[in-house]
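Reviewing the structure listed below.
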Amino acid sequence: MASRLLNRSGDDAEIDPRIAARRDAVESEKRRRRGRWWLAAAVIAAVLTGAWFITRTPLLDVDRIDVRGAVATTADDVVAASGIRTGEALLEVDTAAAATHIRELPYVQSASVVRKWDGLVVITVTERVPVAIAPSADGVAMLIDESGRVIGPHIAGDGIETVLIGVEAGAPGTVVDGVSGALEVAGLLTPGMRVRVAGIATGPDGSINLALIPQGVVIMGPPTDLPAKVDSLRIVMGQVDQRDLATINVVNPSTPVVVRTPK
């Protein structure tokens, strides 16, 4: 009896082969999973390290910078303002910041910067269009666009001769306030009208008058319905003899009134 109990106790102490096999399989699977995880981590680390090194090789450098749309502004000035340099890492080029800096140039109205994987950076700018001129404090005639921004010095022969009367322009990049109506009129004038308009004045109440060449004044009144007023003036100027002209009133553009100087 004692022998049988001892044998039974010994049998109970032994592990069932099926349980042992299952434990071994579980441990093997754990080891395989750990191995796969470490392999995946090593592969990812190698890929990231390789990508980092590639971005800093000449393969992904800025090789060329192409400036498009710049006429009054030089390409060198655009590139300098962008802060982009040939040879720098292509992925480190901050296109948004570069475009913002380029737009600070007086002549530039909008700018976009695009980088290409062949090492080319394309900068495209749209320049401001001057419509009038105004003297600065030191007497230099400055070009002004339709938004009131001072662009730069007026150069004889650039085709802009319409003067803002009673206005002083600041440095390039600054804005002239209170003359939006006059600038809109300047932008609406046809080439034939511009050569006959000596200047545009804005009254304290915002009303607009034009001084004509060789004589006469155009009364436009408040800065409303300006396209219609300019069109009415264009028709009158094309049909009316300019001699002895005193005023052309286009406050009501549908019924312009012409007054001559008494002889």
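Counting in our numbering, the sequence shown runs from 912 upward without gaps. Every residue, glycine too, gets a C-beta built ideally from N, C-alpha and C. Please read all numbers here as calculations on a predicted model, not as lab measurements.
Assuming Val1141 is part of the alpha helix (DSSP H), what are its boundary residues? For the purposes of this step, residue 1141 is taken as residue 230 along the sequence shown, with counting starting at 1. It spans 1137 to 1150 - the alpha helix (DSSP H) in which Val1141 sits, taken as one unbroken run.
Is Glu1095 helix, strand or coil by DSSP? Residue numbering aside, residue 1095 sits at position 184 when the sequence shown is read from its first letter. DSSP places Glu1095 in helix when its eight states are reduced to three.
Throw me the rounded Cβ distance for the Gly980 and Thr1037 pair, which I believe falls under 8 Å. Reading the sequence shown from its first residue, position 69 is the one you call residue 980. Reading the sequence shown from its first residue, position 126 is the one you call residue 1037. About 6 Å separates the two Cβ atoms, so the contact holds.
Identify whether Val982 lies in helix, strand or coil by the three-state DSSP scheme. Position 71 of the sequence shown holds residue 982. Reduced to three states, the DSSP call for Val982 is coil.
Would you mind sorting Ser993 into buried or exposed? The rule is 16 or more other CB atoms within 10 Å of its CB. Along the sequence shown, one-based indexing puts residue 993 at 82. Burial check for Ser993: the Cβ neighbour count within 10 Å reaches 16 or more, so the residue is buried.
For Arg1039, count the other beta carbons within 10 Å of its own beta carbon; 16 or more makes it buried, fewer makes it exposed. Which is it? As a working note, residue 1039 is residue 128 in the sequence shown. A buried status is given to Arg1039, since no fewer than 16 other beta-carbon atoms sit within 10 Å of its beta-carbon.
Less than 8 Å separating the beta-carbons of Ile1013 and Ile1034? The residue you call residue 1013 lines up with position 102 of the sequence shown. The residue you call residue 1034 lines up with position 123 of the sequence shown. Yes. Within cutoff.
What are the start and end residues of the alpha helix (DSSP H) that includes Ile1013? Numbered from 1 along the sequence shown, position 102 holds the residue referred to as residue 1013. Annotation for Ile1013: the continuous alpha helix (DSSP H) segment containing it runs 1006 to 1013.
Output the distance between the C-alpha atoms of Gly1149 and Met1104, rounded to the nearest integer angstrom. By 1-based counting over the sequence shown, the position of residue 1149 is 238. By 1-based counting over the sequence shown, the position of residue 1104 is 193. Just so you know, the alpha carbons of Gly1149 and Met1104 end up roughly 9 Å apart.
Would you report the Cα separation of Val1051 and Pro1064, rounded to the nearest angstrom? The count along the sequence shown starts at 1 and reaches residue 1051 at position 140. The count along the sequence shown starts at 1 and reaches residue 1064 at position 153. In a straight line, the C-alpha of Val1051 is about 7 Å away from that of Pro1064.
For a test of the three-state rule: what should DSSP assign to Ile1066, helix, strand or coil? Taking the sequence shown and counting its residues from 1, the one referred to as residue 1066 is at position 155. Three-state DSSP puts Ile1066 in coil, outside helix and strand.
Can you check whether the CB of Pro1134 is closer than 8 Å to the CB of Gly1110? Position 199 of the sequence shown, counting from 1, holds the residue named residue 1110. Position 223 of the sequence shown, counting from 1, holds the residue named residue 1134. Pro1134 sits away from Gly1110, with the two beta carbons spaced by 8 Å or more.
Determine the contact status of Pro1017 and Ile1071, defining contact as a CB-CB distance below 8 Å. Looking up residue 1017 in the sequence shown gives position 106. Looking up residue 1071 in the sequence shown gives position 160. With respect to Ile1071, Pro1017 sits apart: the two C-beta atoms are not nearer than 8 Å.
Three-state secondary structure (DSSP) at Ser914? Working through the sequence shown from its first residue, we reach residue 914 at position 3. With a pLDDT of 47 at Ser914, under the threshold of 50, the predicted position of this residue should be treated as unreliable, and no value is reported.
Just reading off the alpha helix (DSSP H) that Gly1103 is part of, what are its end residues? As a first step, residue 1103 must be located in the sequence shown, where it is residue number 192. Where Gly1103 is concerned, the enclosing alpha helix (DSSP H) stretches over 1102 to 1105.
Which term fits Val1019, buried or exposed, when burial requires 16 or more other beta carbons within 10 angstroms of its beta carbon? By one-based count along the sequence shown, residue 1019 stands at place 108. Buried is the call here.
Check each candidate in Arg1154, Glu1057, Asp1069, Val1086 and name the one with the smallest Cα separation from Ile1124. By 1-based counting over the sequence shown, the position of residue 1124 is 213. Comparing Cα-Cα distances from Ile1124 to each of Arg1154, Glu1057, Asp1069, Val1086, the minimum goes to Arg1154.
I need the DSSP call for Ile1119, collapsed to helix, strand or coil. By 1-based counting over the sequence shown, the position of residue 1119 is 208. It is a strand residue.
Under three-state DSSP, which class holds Ile1124? By 1-based counting over the sequence shown, the position of residue 1124 is 213. Under the three-state reduction of DSSP output, Ile1124 falls in the coil class, being neither helix nor strand.
Under a Cβ-count criterion, where at least 16 other Cβ atoms within 10 Å of its own Cβ denotes burial, should Ser1143 be classed as buried or exposed? Here residue 1143 refers to the residue found at position 232 of the sequence shown. Counting Cβ neighbours within 10 Å, Ser1143 comes out buried, since at least 16 surround it.
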